[in-house]
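Student: Going by UniProt numbering, the sequence shown runs without a break in its numbering and finishes at 459. Positions of the beta carbon are idealized from the N, C-alpha and C atoms, including for glycine. Remember, predicted model here, so these are calculated numbers, not experimental data.
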Amino acid sequence: MSYAGRRLPVQDVKQFILPMADSFSFDYVSCKRPKATDPTLDPEEFQRFLRALSRRNSLDTKLRLQVLRSVSWMIFLKATQLRHLLGLFEDDFQAQCAAILFFRVVDMENEKIFRCGFDPLQLSLLQQSMGFVACFPYIQPDHWTIDLDLTRHDQRRVVSIMWSLAEKERMDNLSDIVYLSAEKVLLSTAEWTPPVSWCSVENVPTTGRIKVTYRGGKDTLSWSTRKKLCEQYGHWQLQCNHTDVNWWSSLNEAPVEVTQFLQLLLRRFKDFDQAFTFIDGVNGNGVINKKELTERVQRMGYKEFQGLQAVPLTQKVFRYLDPDSSGSISRKEWSTMMDLQKEVLQQLEDFALFLHREFPFARGRLQKIWPLIDRENLEQVPLNRFKAALKDELGFFASAGVLAEFLDTDKKGYVCCEDLQQLRRFGKDGRSLSFGELDDDARNLPQAHRSGTRRRSAL
Numbered sequence: 001m002s003y004a005g006r007r008l009p010v011q012d013v014k015q016f017i018l019p020m021a022d023s024f025s026f027d028y029v030s031c032k033r034p035k036a037t038d039p040t041l042d043p044e045e046f047q048r049f050l051r052a053l054s055r056r057n058s059l060d061t062k063l064r065l066q067v068l069r070s071v072s073w074m075i076f077l078k079a080t081q082l083r084h085l086l087g088l089f090e091d092d093f094q095a096q097c098a099a100i101l102f103f104r105v106v107d108m109e110n111e112k113i114f115r116c117g118f119d120p121l122q123l124s125l126l127q128q129s130m131g132f133v134a135c136f137p138y139i140q141p142d143h144w145t146i147d148l149d150l151t152r153h154d155q156r157r158v159v160s161i162m163w164s165l166a167e168k169e170r171m172d173n174l175s176d177i178v179y180l181s182a183e184k185v186l187l188s189t190a191e192w193t194p195p196v197s198w199c200s201v202e203n204v205p206t207t208g209r210i211k212v213t214y215r216g217g218k219d220t221l222s223w224s225t226r227k228k229l230c231e232q233y234g235h236w237q238l239q240c241n242h243t244d245v246n247w248w249s250s251l252n253e254a255p256v257e258v259t260q261f262l263q264l265l266l267r268r269f270k271d272f273d274q275a276f277t278f279i280d281g282v283n284g285n286g287v288i289n290k291k292e293l294t295e296r297v298q299r300m301g302y303k304e305f306q307g308l309q310a311v312p313l314t315q316k317v318f319r320y321l322d323p324d325s326s327g328s329i330s331r332k333e334w335s336t337m338m339d340l341q342k343e344v345l346q347q348l349e350d351f352a353l354f355l356h357r358e359f360p361f362a363r364g365r366l367q368k369i370w371p372l373i374d375r376e377n378l379e380q381v382p383l384n385r386f387k388a389a390l391k392d393e394l395g396f397f398a399s400a401g402v403l404a405e406f407l408d409t410d411k412k413g414y415v416c417c418e419d420l421q422q423l424r425r426f427g428k429d430g431r432s433l434s435f436g437e438l439d440d441d442a443r444n445l446p447q448a449h450r451s452g453t454r455r456r457s458a459l
């Protein structure tokens with residue numbers, strides 16, 4: 001809330017006497033939530049909905065948002081559907097799109113699926129618009145970082161929620177804390193212990209700022225606590241249990257070394273159980289220690305994890321997969337790699353579905369799209385140019401953080417037309433081999449200069 005472009009001079013809006021001049025602005029956030037049983041758009045209806053809102057219809061973005069707002073009260077969505085909708089809007093408008101439809105999502109336990117599609121700045125704008133308590137990721141806060149202004153009651157409440165969750169799971173989950181007190185004294189977890197008393201919002205300081213990362217792990221997860229907090233403060237009535245949640249991990253929250261490690265595993269092993277067994281050993285003890293991880297990764301022959309740099313790189317991977325600092329990685333903790341793989345697959349599927357929907361003239365002939373990406377006829381498009389072309393030339397605004405890297409399977413530093421053939425795995429129902437309509441005739445592909453080695457699928 002603000003008056004005349006400034007913050008209100010009072011903590012409680014009921015104490016504010018509205019003047020007769022200037023402007024008073026605020027965001028209204030409803031406490032009404034959908035039920036898990038509310039009917040969502042079926043796949044065919046949703047695809048028609050996306051086509052109607054497409055930028056290719058030459059509609060102004062603000063007008064498209066107005067249309068979306070006018071019909072939002074009549075529809076319910078799944079978390080994956082909201083993610084697809086966000087991909088229709090430029091970065092500057094994604095927070096507005098999410099604000100319109102946030103309380104129409106019926107499976108909020110899976111909100112991390114669309115949260116991964118946000119740029120950090122847009123996520124911050126959404127939190128400021130909807131409220132930090134309303135946007136709190138109650139079910140999947142793992143590896144989540146937030147910067148809070150303690151002069152705001154809503155943000156102090158978030159501090160108490162995080163502290164309450166950590167008290168039930170593990171206080172050390174509150175990591176990388178940076179606290180700037182009212183006296184401008186900067187404190188970190190290395191020199192300051194977070195007080196347990198902050199579990200009560202009345203004990204949280206009313207001045208200063210705090211930045212904190214919640215490093216929750218599956219070995220210490222308390223489902224009952226997360227569900228209770230979600231219902232108490234988020235007002236969501238969850239009709240699911242722990243096994244019904246689509247657990248997810250964000251590539252933006254993972255160190256770059258973990259992303260590199262993920263690519264290595266995807267290229268070498270058929271599944272993550274096989275990878276775990278390889279590292280632990282056929283007759284292993286069921287957990288992976290730091291020494292085993294370092295030695296086995298070096299044996300895989302991945303150049304990024306060789307030589308003197310191998311140890312610090314694998315240490316970062318180990319720390320990410322061992323959030324409870326137990327000194328070993330269990331199979332349950334190892335499943336975080338599968339959650340990261342879901343995000344990679346989702347990005348590839350998002351792009352494949354986008355091409356299928358927005359460029360019907362190219363179905364069965366992906367090379368017809370390539371000239372839009374390769375405007376300069378380079379045949380080998382550098383990764384940074386490829387990423388820019390997705391937005392500027394194709395109008396694809398969804399999260400594509402590692403799309404180019406995963407299409408560039410042989411790490412040449414560029415993407416060529418042949419690389420797009422990996423997208424034929426993904427299609428209308430999101431399963432492998434369902435995207436046959438985009439299956440090109442290899443003889444019609446532009447022949448980029450590449451080594452004679454046959455390219456392997458990234459996935």
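Using DSSP with H/G/I as helix, E/B as strand and the rest coil, what is Tyr3?
Tutor: Residue mapping note: residue 3 aligns to position 3 of the sequence shown, counting from 1. In this structure, Tyr3 counts as strand in the three-state DSSP scheme.
Student: Relative to the ligand FAD, is the shortest distance from any of its heavy atoms to the C-beta of Tyr3 smaller than 7 Å?
Tutor: No copy of the ligand FAD appears in this structure; indeed no ligand is present at all.
Student: Would you list the one or two residues that DSSP bridges to Asp147?
Tutor: Looking up residue 147 in the sequence shown gives position 147. Partner(s): Lys211.
Student: Buried or exposed, going by whether 16 or more other CB atoms sit within 10 Å of the CB of Asp17?
Tutor: For this step, residue 17 is matched to residue 17 along the sequence shown. Asp is not the amino acid found at residue 17; the sequence shown has Ile there. Per the 10 Å Cβ criterion, exposed.
Student: Identify which residue in Arg156, Glu45, Phe397, Ala182 has its Cα closest to the Cα of Gly208.
Tutor: As a working note, residue 208 is residue 208 in the sequence shown. For the residues Arg156, Glu45, Phe397, Ala182, the minimum Cα distance to Gly208 belongs to Ala182.
Student: Considering only residues of the same chain and omitting the five flanking positions on each side of Tyr320, which have a CB-CB separation below 7 Å?
Tutor: Counted from its first residue, the sequence shown places residue 320 at position 320. Excluding residues within five positions, the ones whose Cβ falls inside 7 Å are Ala254, Pro255, Val258.
Student: Excluding sequence positions up to five away, which residues of its chain have a Cβ less than 8 Å from the Cβ of Pro39?
Tutor: For the purposes of this step, residue 39 is identified with residue 39 of the sequence shown, where counting begins at 1. Counting only Cβ-Cβ distances below 8 Å, and skipping sequence neighbours, we find Phe76.
Student: Does DSSP put Leu53 in a helix, a strand or coil?
Tutor: Along the sequence shown, one-based indexing puts residue 53 at 53. Leu53 falls in the coil class under three-state DSSP.
Student: Please go through the same chain and pick out, in chain order, the residues whose beta-carbon is closer than 6 Å to the beta-carbon of Lys112, but skip the five residues on each side of it.
Tutor: Taking the sequence shown and counting its residues from 1, one reaches residue 112 at position 112. Within the same chain, Lys112 has close Cβ partners Gln140, Trp248.
Student: From the DSSP output, in three-state form, read off Ser164 for me.
Tutor: The count along the sequence shown starts at 1 and reaches residue 164 at position 164. Ser164 falls in the helix class under three-state DSSP.
Student: Do Leu174 and Met162 have their C-beta atoms closer together than 8 Å?
Tutor: Working through the sequence shown from its first residue, we reach residue 174 at position 174. Working through the sequence shown from its first residue, we reach residue 162 at position 162. Taking 8 Å as the Cβ cut-off, Leu174 and Met162 qualify as a contacting pair.
Student: Helix, strand or coil: which one does DSSP assign to Tyr320?
Tutor: By one-based count along the sequence shown, residue 320 stands at place 320. If DSSP states are grouped into helix, strand and coil, Tyr320 belongs with the helices.
Student: What do you get for Leu63, buried or exposed, if any count of 16 or more other CB atoms within 10 angstroms of its CB means buried?
Tutor: Your numbering for residue 63 matches position 63 in the sequence shown. Exposed is the call here.
Student: To which residues of the same chain is Leu8 closer than 8 Å at the C-beta, ignoring the five residues directly before and after it?
Tutor: In the sequence shown, residue 8 corresponds to position 8, counting from 1. For Leu8, where only same-chain residues beyond five positions count, the Cβ hits under 8 Å are Met1, Ser2, Phe16.
Student: Could you name the residues that DSSP lists as bridge partners for Val287?
Tutor: For the purposes of this step, residue 287 is taken as residue 287 along the sequence shown, with counting starting at 1. The partner list for Val287 (beta bridge, DSSP) reads Ser330.
Student: What does the alpha-carbon distance come out to for the pair Glu437 and Val106?
Tutor: Taking the first residue of the sequence shown as position 1, residue 437 is located at position 437. Taking the first residue of the sequence shown as position 1, residue 106 is located at position 106. Only weak support exists for where Glu437 lies, its pLDDT of 35 falling under 50; the value from the coordinates is given anyway. Roughly 31 Å between the two C-alpha positions.
Student: Whose CA, out of Pro323, Ser399, Ile288, lies closest to the CA of Glu349?
Tutor: Looking up residue 349 in the sequence shown gives position 349. Comparing Cα-Cα distances from Glu349 to each of Pro323, Ser399, Ile288, the minimum goes to Ser399.
Student: DSSP state of Ser188, grouped into three classes?
Tutor: Counting from 1 along the sequence shown, the entry for residue 188 is found at position 188. Note: Ser188 maps to strand in three-state DSSP.
Student: What does a CB cutoff of less than 8 Å around Arg431 pick up in its chain, not counting 5 residues either side in sequence?
Tutor: Residue 431 sits at position 431 when you count from the first residue of the sequence shown. Bear in mind that a pLDDT of 39 at Arg431, under 50, signals an unreliable position, so the number given afterwards is only what the model happens to contain. Closer than 8 Å at Cβ, skipping near neighbours: no residue.
Student: Going straight from the alpha carbon of Leu459 to that of Leu266, what length do you get?
Tutor: Within the sequence shown, numbered from 1, the residue matching residue 459 stands at position 459. Within the sequence shown, numbered from 1, the residue matching residue 266 stands at position 266. Residue placement at Leu459 is poorly supported in this model, since its pLDDT is 27, which falls under 50; the coordinates are not used for a value here.
Student: Is there contact between the segment 323 to 335 and the segment 284 to 297, where contact requires at least three CB pairs shorter than 8 Å?
Tutor: Touching, yes.
Student: List the residues that DSSP assigns as beta-bridge partners of Ser25.
Tutor: Working through the sequence shown from its first residue, we reach residue 25 at position 25. Partner(s): Ser2.
Student: Just to confirm, are Leu221 and Glu167 a CB contact at a threshold of 8 Å?
Tutor: By 1-based counting over the sequence shown, the position of residue 221 is 221. By 1-based counting over the sequence shown, the position of residue 167 is 167. Cβ distance not < 8 Å, so Leu221 and Glu167 don't count as in contact.
Student: Do Asp27 and residue 461 have their beta-carbon atoms positioned less than 8 Å apart in this structure?
Tutor: Residue 461 cannot be examined here, being either before or after the span of the chain that is shown, 1 to 459.
Student: Measuring alpha carbon to alpha carbon, tell me which residue in Pro34, Ala4, Ser197, Pro312 is nearest Met108.
Tutor: Stepping through the sequence shown from its first residue, residue 108 is reached at position 108. Ranking the options by Cα distance to Met108, first place goes to Pro34.
Student: Please report the distance separating the alpha-carbon of Leu353 from that of Pro323.
Tutor: Looking up residue 353 in the sequence shown gives position 353. Looking up residue 323 in the sequence shown gives position 323. Rounded to the nearest angstrom, the two C-alpha atoms are 35 Å apart.
Student: Measuring CA to CA, which of Thr151, Ser224, Arg56 is closest to Val10?
Tutor: Position 10 of the sequence shown, counting from 1, holds the residue named residue 10. Comparing Cα-Cα distances from Val10 to each of Thr151, Ser224, Arg56, the minimum goes to Thr151.
Student: Closest by CA to Cys135, which one among Gln367, Pro205, Asp60, Trp236?
Tutor: As a working note, residue 135 is residue 135 in the sequence shown. Ranking Gln367, Pro205, Asp60, Trp236 by Cα distance to Cys135 puts Trp236 first.
Student: By a C-beta neighbour count over all protein chains shown, 10 Å radius and 16 as the cutoff for buried, is Asp429 buried or exposed?
Tutor: Counted from its first residue, the sequence shown places residue 429 at position 429. A caution first: Asp429 carries a pLDDT of 42, below 50, which makes its placement in the model unreliable, though a value can still be read off. Result: exposed.
Student: Going straight from the alpha carbon of Leu211 to that of Ser160, what length do you get?
Tutor: Reading the sequence shown from its first residue, position 211 is the one you call residue 211. Reading the sequence shown from its first residue, position 160 is the one you call residue 160. The sequence shown places Lys at residue 211, rather than the Leu named in the question. Using only the alpha carbons, I get a separation of about 13 Å.
Student: For Met20, which residues from the same chain have a beta carbon less than 6 Å from its beta carbon, with the 5 sequence-adjacent residues on both sides left out?
Tutor: Here residue 20 corresponds to residue number 20 of the sequence shown, with the count starting at 1. Within the same chain, Met20 has no close Cβ partners at all.
Student: Could you name the residues of the same chain whose beta carbon sits closer than 7 Å to that of Ser54, not counting the 5 residues immediately before and after it, in chain order?
Tutor: Sequence index remark: in the sequence shown, residue 54 carries index 54 (1-based). Hits under 7 Å: Leu88, Glu358.
Student: Could you check if Thr37 is buried or exposed, using at least 16 other CB atoms within 10 Å of its CB as the buried criterion?
Tutor: Translated into positions along the sequence shown, residue 37 becomes position 37. Thr37 is exposed by the Cβ-count criterion.
Student: Out of curiosity, what's the CA-to-CA distance linking Asn203 and His143?
Tutor: Translated into positions along the sequence shown, residue 203 becomes position 203. Translated into positions along the sequence shown, residue 143 becomes position 143. The alpha-carbon atoms of Asn203 and His143 are separated by roughly 25 Å.
Student: Less than 7 Å between C-beta atoms, sequence neighbours within five positions excluded: which residues of the same chain meet that for Phe46?
Tutor: Here residue 46 corresponds to residue number 46 of the sequence shown, with the count starting at 1. Excluding positions up to five away in sequence, the list reads Gln81.
Student: Between Cys97 and the rest of its own chain, which residues show a CB-CB distance below 8 Å, the 5 nearest in sequence each way excluded?
Tutor: The count along the sequence shown starts at 1 and reaches residue 97 at position 97. The residues are Leu65, Leu68, Leu85, Leu86, Leu88, Phe89.
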